[in-house]
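*Asks:*
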Amino acid sequence: RYQKAVEINCHPRRFDLDWRWVKTAKDLGVKIVLSPDAHQTAGLENIYLGIGIARKGWLEKKDILNCLSVVDLKKYLTKTKNPV
Numbered sequence: 015r016y017q018k019a020v021e022i023n024c025h026p027r028r029f030d031l032d033w034r035w036v037k038t039a040k041d042l043g044v045k046i047v048l049s050p051d052a053h054q055t056a057g058l059e060n061i062y063l064g065i066g067i068a069r070k071g072w073l074e075k076k077d078i079l080n081c082l083s084v085v086d087l088k089k090y091l092t093k094t095k096n097p098v
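Quick note on numbering: the sequence shown equals residues 15 to 98 in the numbering used here.
Here you go:
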């Protein structure tokens, strides 16, 4: 309804969004962004932890903004006033 997105922070010490809320967000149509919270290149490896949470919350590729094609992401961003 508000065209906002919620982040799954993939850092192992920052699992702010419990997988059960991920499922609730999906059911409500809320888009998700996976963020490795990397401050160094090595931190990019944490993305797999967020993918695990996304899978546990039954997310599909279409539910995750940074998995959309450039065309679909542009469509999403242009239909929102404040995308994220």
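By construction, the Cβ of each residue, glycine as well, lies at the ideal position given by its N, Cα and C atoms.
Are ILE61 and LEU48 touching if we call contact CB-CB under 8 Å?
*Replies:* In contact: ILE61 and LEU48 (Cβ atoms closer than 8 Å).
*Asks:* Between the C-alpha atoms of SER83 and TYR90, what's the straight-line distance to the nearest angstrom?
*Replies:* Approximately 11 Å between the Cα atoms of the pair.
*Asks:* Count the other CB atoms, across all protein chains shown, that sit within 10 Å of the CB of LYS45; report buried if there are 16 or more and exposed otherwise.
*Replies:* Buried: at least 16 other Cβ atoms inside 10 Å.
*Asks:* In whole angstroms, give me the CA-to-CA distance for VAL85 and GLU59.
*Replies:* The straight-line gap from Cα to Cα measures roughly 26 Å.
*Asks:* At what residues does the alpha helix (DSSP H) containing THR67 begin and finish?
*Replies:* Looking at the sequence shown, residue 67 is not Thr but Ile. Counting along the chain, the alpha helix (DSSP H) containing ILE67 begins and ends at 61-70.
*Asks:* Starting from ALA19, trace the beta strand (DSSP E) in both directions and tell me its first and last residue.
*Replies:* Per DSSP, ALA19 belongs to the beta strand (DSSP E) from 19-23.
*Asks:* Verify whether the separation of the beta carbon atoms of ASP51 and ARG69 is less than 8 Å.
*Replies:* No, the pair does not count as a contact, with Cβ atoms beyond the cut-off.
*Asks:* Kindly indicate the opening and closing residues of the beta strand (DSSP E) around VAL84.
*Replies:* Counting along the chain, VAL84 falls outside any beta strand (DSSP E), though it belongs to the alpha helix (DSSP H) covering 84-92.
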